[in-house]
Structures are given as structure tokens and as C-alpha cells.
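Worksheet for the structure shown next.
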Amino acid sequence: MGGSFAGATIGFIVLLVLTPTLIYLVNFFGSGERALFAVWALVLVAGGAVTREDTLKSFLSVGLGLALGLIGMQPNVGTFRYTLNLHELWGGLKIIWIVLAVFAIPQLFLMATMRSGFRELAGTKREPIPFVSIYTGAAKVIVKKWQLLLRSSLAGVFVGIMPGIGSTTASWVGYSAARSASREKEKFGKGTPDGVMGAESASNACEVGAIIPLLSLGIPGSAAAAIMLGAFILAGLAPGPGLYVTHGPQMWTIMFGIGLSAVVFTMLAYPFIKGAQWLSHLPIPALIGAIGALCMLGAYVDGGSTFGNMTVLAIGVATVLAGLLGIRPAPLLIGFILGPVIETELIRAYQIGGFARFTKPTSLLILAIILVTLFFSIRSYLRGRKGGREPLPGEPAEEKPEVRKLAAGFVKDMLLVLLVVVLSLLLLAGTANYPALASIWVYFVTGVFILLPALLLLIRNLRIAPAAVAWIKSRNREKLFAINRQKFLDQLVVFLFFVIFIATMTTLGYVVSTFLFVLLVMLYFKLKPIRSLIMAFGVAGGMYVVKTVFQLYVPTGIWNI
Amino acid sequence: MKHSAKVLIVLLAFSLVLFGCGSNRSSSPASPSQSQGGQSSAPSASASSEAQEEEIVFPEPGKPFYLTTNYGPGGTLQRSQQDFQPFFEKELGTQVIIEYIEGAGGLIGYNTVFARPADGYSILPNSATFGPYTYPHLSEEKPPWKYEDWLPLGIYSDIPNSGIVVKKDSPFKNFADLVRYARENPNKLKLGTIGPGRIEDIQIIELQHVMGIRVRQIYYEDGGSLFTDLLTGDLDAIVTAALQYVDSPDARILVMLAPEFPPEFPYPELDNLSKFPEELGFSMDQIKTLAATHFNGFVVKAGTPEPIYRKLVQTLENIVKNPEWQQKVKDYRYPKWIPPEEAKKLYDRYYEGIGEMVKLRDQYLQQQ
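Dropping the structure here:
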């Protein structure tokens, strides 16, 4: 807790100092610089992906996000792209839809497969948590380990500023910072509190750092900041340099609010821990009901029709399936957000001054930064390929994969390649009637971010293809993928409950549909009818309070509730 | 497994029944365009009886009212909506929420409100540059509604506001300088506008045709980045709601895109187009779209019950006649109350006029 507090506080101080400075500099940025800055952010996302498990699939994830960002009116020329004659898509997909679809919905489907998990939890007792020692312990840690916390937190903030790298990387950077300065390096990897503090403070500082590019440039530094971007837009605030001019007081309030949250969160640690303990003992069906109802609320509010709900559910299911093939949600989201910015600003800059527009000193400086970033990313990728990454302390050494796993991976990769090639062909076919300026970005996205990684994925698999194909031919196909029918059925039923929710929302109203949804989920998972009824009333009541307090525009149905 | 399969079958049957109910319900009420038929000469809400008038309570206690805003935050429209908000709250006695539903040059906001019930709880802004009369003509894709699907609540401001704005230290001293530069340097002058899909699209084409120039028109989604690019030197000039820059330390108004100013215009010292025919060799008779009026108003979905519609009209009139509101908006709006009947006549003419302008635009484009 001490590490978290220190990380958030140090992050806040950097936020306070750096954001106005960055905003002052950004005032000298025209279209060319804005475009290049967004390109840099994308290179960082893709570059950050290099250090992760599967570079090519992370690239493909970014590419799929960019592809989703193509939908709607192309702002430079006014061409409507890939709208399928649905006017709801003219303005493009909403950020909040994508956030809910790629993060929340897959999580709910995952929870639906935890039948055994929630039964085990229901039978356990809650351990008592001492009140005072939580706070005194944290204070002692901060005083004693301030150098370690400062070092790791600063590292975390700067990782956070780089868009798309994320708190997982920040945790490792913070851990490494703590380890490199420690006199007891041998204790790292064996559960030393210093390692936990380094990682934890950097992770918290990273989240605050990710808000800096959001407030100053309008570019979210993390998935959480991207969610915040959606909330800002809903509240009528357009993050970016102009925000300080139009909403100066509100901006400072938000910044100090972030600082205050570090203090308040620490003060509330005890009730939060108790609350988390209570939540973890709630039946998972109740959580599915409550979170699902909140998702449906968010999807409806930003768009004003059930089209948003259907889109969230459809993309959510697609994300679950794509996740099985290795597609990652965070790079997909960042690609979706950055794609339209890059396209619009690049084309605008080109319209203003052609390629010469990018030869201004400020543009050249950012171009140089992009090249340096690319160089280090490629070098890191090549080193990783050559020598492999040294396992971190505590991390299990890489095992030689079984042939069955290789064969399964091969089939998945081939399926992914096939799907993205079909998608690319559809995207390219769609450009037939679009003007050149509305098509050029489509060509770039499909070529560089979809077809190229797909081709590399294909080449990578050629090496293992003979062994995999031989295994598939010689064995029973049933064994290639272990499909748990019960889990599949549970997910299918939850999906159908969502369909019912959406289908009844307009007729019965949001609150009544919530009640029905929660009740169905709980009864399906065999909770007692009385308990199910109480839970359904509780969640529906809670949603009624939420929609009333926040005055949200949702259907009230035939009973006007 | 057996339990799951049973539940699944029951669910499938249930969802089929519900889908059936939903589709029946959604198809039963006639859409405003269906119910209204052709274009009417004066605004009228849906057919209502005296009994209905007695029953309706508007707004219902605790039910919020939405000032739906079809552009993103950061421009004059946001300021205008924020200045209206407390006055609507006071008049209606309920919470008023400004919701931003942007996209496709402002069209998404209109589509969204059109998809909602005609209950009077969401109203939309309209102006000389965008509204129910522009989108059906100027949008590349035809909207899911018709011009007749909207009713004016009235016009609250009417003043020439569209103009060409340049950076304070721009080499163009006046409009003639800018035109001469553009004539000598075809396709070099970079002119920024918000769009596409707005009246400015046609205005710029007419400007080029009448003045004998070729410019590079660059589109922006909002006024914020448009003005930023003017200041960074990426743009030579912008066509925008100019009066917000009257006292700007960074920019100046080169010309107001109006053939003349009405007597009550507060800035008569500004140039308008009538100053330049001789110097630039054009005739004022050639000016069609550049002479567009510059009004601001609100519209509501047709089919709104008559008592609610009347209450909304009365509310807007009260606000516009309120000296406190007038004082608040005097920097960027010219408060003037034009009732819905007159506004409707103006919009009808405007709707037809834009249709003509589009033909003119196509002619210009063919000549180019």
C-alpha cells in the first residue's frame, strides 16, 4: 500500500509539472506535427509490443484496431466508408463501445465459465483484516524505502507517458530499477518486499503518467486513459491543448483530483480491502448480472439506441474468439483511437503543404524521434530473436513445447491468417468507389499492419508446418483442442441472456430488462430462487439509482420506469 | 447438462417471442415523415386533442431535458449551449443536460434525436450553416429523415456572422489583397473551414467562381484545431463564425461574407462584400450563397405533442427576451426573437434555395 501511495503521489507531481510545459510546446504544433506525434505514439505501441510475447500478433491487434477506426465518415473528404448503409455507423464506432467490447464483455464470458470457482469461494471464510497496522505499516515503509520508491515511481511515470506501453512493462521497469540499486540483489525473485514495492509503485505511477499525454495532446497513454478519454468526451470536454484554454479551472480540478485520489485511496484502503473481500465472496452470477447491466447502460447512453448494445455484444464475442487466436485487446484499442487521428492529420498536412509540410524543423525533430524509436524497437526485436530473453527471477524457464501444442498453435495461426486476409480483401474491395484520399490510409493499414504481419506469421509457421500437419493427420482431431462443452454452453447461454436484454430494453425499459437479465443469469447458475430474486431487485434498483442520479437517457419502457 | 439444455430451449423460445414483440412494437407508431406526408407551410406538432393537452405534464418531475449538441465541444456552439442551460433549467424547472453527439459534420446528432421518441425532451440547434435544410442536400449519404421531420422552435439570433479571418500579422491587409494573391497564385491560398457537409462547401465554390480564383479548401472537425492551424501558419485564412474574433489579440476579420449589414449590426466598421465589386471586378448580383443569412435557432422532432411543442416555443421566447440572457451572449450572438411560424417560412425558402445552390455548385464544378 505504501508503494502504491508513493507511486501515485510522485506521478501526480510529475503530472503537475510536465503537462502545462507540454501544452505550451504543443501550441507550436500544426497538422504535420500532430500527425507525426500520433505516428510516434503508434510506433511506440507497436514497439512496445516487440518486448511482449508475440510481436506479430500484437501488430495484427493494432492493425485490427486501425481497421475498426476506418468505419464512418472520412473527415478530410466526407466519404462514408464501410457503413453498410447503417446511419448509426456514419460517425464511426464510439470509443466506449470498443472499450466495453474488448475489455468488459470478454471478462464476463470468462466469468461465466467459473462454475467451480465460485462454488469454492462460497464455501470459504473471510479472514479478519487488522485496521491500524495497514496504515502504520505503509507509513514506515515510505520513510524507510523512499529512495527505492522515488526511483521506481519516476521510471513508472516515464513508461506511462509513452503511449501504449502499459503498466505491466512499468512494473518490470520499476522492479528492475529497484533491483539494480539494491545491495541484496540475490533476494529479488524470492519474494523480497523491495521487489514488490518497486513494481507496485511503478505500476501506480505509470497510470498517472499515462494521463499526461491525454491532457496535453489528447492521446491516451494507456487503456485506462483511453477509457478516461471516452468519459471526457461524454462530459463535453475534448482533451488536448485547447482544453486548458476552454476549461482551465476544470483541468486543474481534474489534475488535483488525481493527486487527491492518491491520498483518498490510501485512506480508504481499509474499507476497500474489506469491500474487495466481500465482493470476492459474492456469487459470480450476481457480478455477471451487475457488470453486464452496467455495460449495456454505457453502450446505450453513447449512441442513444440499442444499436450500440448490439455492436458491443457483437464485437465482444468477436474479441473472445479473436483472443483464442492471440489477438490482444489493449493494442487493438490504442490502434482504434490513434488510427483516425493519424489519418486525418496526415492527409490534412499533405493537403496544406504536400510532403514539404513535413520538412519544418519541428516536424523533422519528431521524425528523428520516430526513427530512433524504430531503431531501438527493431534492435530489441532482433536481439530477442537471436538470444531469447533471459528468464526473469522467479519466472519458469521456457519448456520445449509439445507437438500437440505446436499443431494447435499452427491451426490457430493459419485460421488467423485466413481471417485477416479475407478482412483485408473486403477492406480493399470497399475502396473501389472511394476517392484516392479516402483510400490511401486503407491501403497502408491493410498492407503494413494486417497483410505484412500475416505474411510473416505464415512464414514463421512454415518451419513447423510438416510436423504439425503430420500430427494432425495421425491423431484424433478431437484431441487438438480441448473444448469443455459445459463451459461453452454456459457462455452461449450468457450470450443469449444478453440478446434478451437488448431485445427487451426498448419495450420493457432498461431497469426491468436489468432485473430480468440478473434473474435469468442467477437462476441458470442454479442459485436459490429467493436469493436470485433479491439479487435481481438489488441490481435493478442500483441501476435505477445510477440512471436517475446521472440523469442518463435510457428507455423507460411500457411501465415508464 | 440436461438442466442447461432445458434452460437453453426455454430461452430460445422466450427470445423469439420477445423479438417478435419488439418488432411489432417498433413498427406500430408511424414515423413523423410518414404521418406528416408532404411539406407543410407552417409548423404544427402532431395531432392532439384537448384531452391530451390536459393530460400532459411537461417536463415530468425529475425527468431531465436535453440540449443535444451535434458538434464536439470547443466552439461557439458549446458556449452558446452553456449560456442557454441555466435559463432553460429555470424556465422548465428541471435539470437540463448538454449532451454532445458529434460526427459526420453534425449529422449524427440529428440522426440520434430522430431515433428517439417525439416527446420534446431533446432539442437540437440549427443555424445558417447546418440544420434540417442543409443535410438532405449536402450530405453524401441521405439521412434517415426528411426536412419535414423537424419543427422550428424559433430563431434566437440573426446577424451576419460568417467571415474570413486571418492571423493578426497576415500580409493580407484586406479582402482585395487576399483575392489578388489567390488570382496570381492559383491553388496556393490555403483556406480552412469546418466540414464537410455544411453550407461553407458551397460558399467556397461560389467564392472561387465569382472572384475567379482557385484555393485549397482544408476541412476541420472543430473550431479549435481550425484556429490553431491559422495561428501556426498552416492556413492563410479561415472561413468561420467571425464575430468571436472581433477582439482577438491573435487574429483579425478580413471581411464579413455578407452583401450588406443590417442597421442594427454592432460592428459597422468591418468590411463586407459590397465594398469590393469595383476593385475586384465582380457584380453583387453574382452573390448567391455568400449572401446567406446568419441565423441561429432550435428545432424539435416533428410529432412532438402540441402542448409540449407550444411550451418549448414559449420557453425559448422567454429566454430570448430575457435581458440577462441577452447580456450574456452579446459578444457572439445578436439576440432577436423570430417566432416559429416565420422561422418555418425562412427555412422553407432556405431549403429550396440550397437545392438551387447545389445545382449551381455542380455547374461551377463542371466549369472548373
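Residue numbers (this note's numbering), protein chains in the order written: chain A, 1 to 561; chain B, 1001 to 1368.
All C-beta atoms, glycine included, are put in the ideal place defined by N, C-alpha and C.
Scanning chain B for C-beta atoms nearer than 7 Å to the C-beta of R348 (chain A) yields I1218, reported in chain order. Between S31 (chain A) and Q250 (chain A), the alpha-carbon positions lie close to 26 Å from each other. Shown here for S363 (chain A): same chain residues with a beta carbon closer than 8 Å to its own, the five before and five after excluded, namely G32, E33, L36 and R357 in chain order. Measuring C-alpha to C-alpha distances from S1139 (chain B) to each of A:V301, A:L425, A:F80 and A:L66 identifies A:F80 as the nearest. A residue is called buried when at least 16 other Cβ atoms come within 10 angstroms of its Cβ; A139 (chain A) does not meet this threshold and is exposed. Of the residues assessed, E1060 (chain B) falls on the exposed side of the cut-off, its CB having fewer than 16 other CB atoms within 10 angstroms. In the structure shown, K1344 (chain B) falls within a helical segment according to DSSP collapsed to helix, strand and coil.
At least 7 Å separates the beta-carbon of E1102 (chain B) from that of V1096 (chain B).
Under the Cβ distance rule, N76 (chain A) counts among the residues neighbouring chain B, one pair being separated by less than 7 Å. A buried status is given to P106 (chain A), since no fewer than 16 other beta-carbon atoms sit within 10 Å of its beta-carbon. Those residues of the stretch 1181-1206 of chain B placed with their C-beta closer than 8 Å to a C-beta in chain A are K1190, G1195, P1196 and G1197, ordered along the chain.
At least one CB atom of chain B sits nearer than 7 Å to the CB of Q351 (chain A). In this structure the stretch 1236-1253 of chain B touches the stretch 1153-1172 of chain B; the number of beta carbon pairs closer than 8 Å is three or more. If you check the CB distance, G326 (chain A) and K57 (chain A) come in under 7 Å. Annotation: A8 (chain A) to V157 (chain A) spans about 9 Å, alpha carbon to alpha carbon. Taking a contact to require three or more Cβ pairs closer than 8 Å, the stretch 538-550 of chain A and the stretch 333-350 of chain A do not qualify as touching.
A6 (chain A) is positioned such that its CB atom lies no closer than 7 Å to that of S203 (chain A).
Nearest neighbour of F1261 (chain B) by Cα position, chosen from B:W1150, B:K1168, B:H1294 and B:D1236, turns out to be B:H1294. Look at F1265 (chain B) here: in three-state DSSP terms it is coil, with no helix or strand label. Residue range V132 to K144 is occupied by the alpha helix (DSSP H) that includes T136 (chain A).
Closest in alpha carbon position to K360 (chain A), among B:S1274, B:D1234, B:Q1314 and B:M1256, is B:D1234.
In the three-state reduction of the DSSP assignment, L86 (chain A) falls in the coil class. Taking a contact as a CB-CB distance under 8 Å, the pair K1063 (chain B) and Y1121 (chain B) counts as one, their CB atoms being some 7 Å apart. Interface flag for D1271 (chain B) against chain A is unset, since no Cβ pair is found closer than 7 Å. Counting along the chain, S61 (chain A) sits inside the alpha helix (DSSP H) bounded by residues T55 to L68. In the pairwise beta carbon analysis, the stretch 58-69 of chain A is classified as touching the stretch 329-338 of chain A: at least three pairs are separated by under 8 Å. Contact with chain A is found for T1112 (chain B), since one of that chain's Cβ atoms lies less than 7 Å from the residue's Cβ. Considering only beta carbons, the part of the stretch 87-105 of chain A lying closer than 7 Å to chain B consists of H87, W90, G91 and G92, in chain order.
Assignment of beta-bridge partners to Q1217 (chain B) by DSSP yields B:L1191. According to the DSSP secondary-structure assignment, P1335 (chain B) is paired through a beta bridge with B:S1157.
The bridge partners DSSP lists for L1067 (chain B) are B:I1098 and B:I1123. The residues Y553, in chain order, have a CB closer than 7 Å to that of G304 (chain A) in the same chain once the five nearest residues on each side in sequence are set aside. In this structure, L508 (chain A) lies away from A536 (chain A), with their beta-carbon atoms at least 7 Å apart.
When Cβ-Cβ separations below 7 Å define contact, M255 (chain A) makes no contact with chain B. For the stretch 1232-1252 of chain B, the set of residues with a beta-carbon nearer than 9 Å to any beta-carbon of chain A comprises T1232, G1233, D1234 and L1235, in chain order. Within the stretch 1216-1247 of chain B, the alpha helix (DSSP H) runs of at least 4 residues that lie entirely inside it are, in chain order, 1223-1231.
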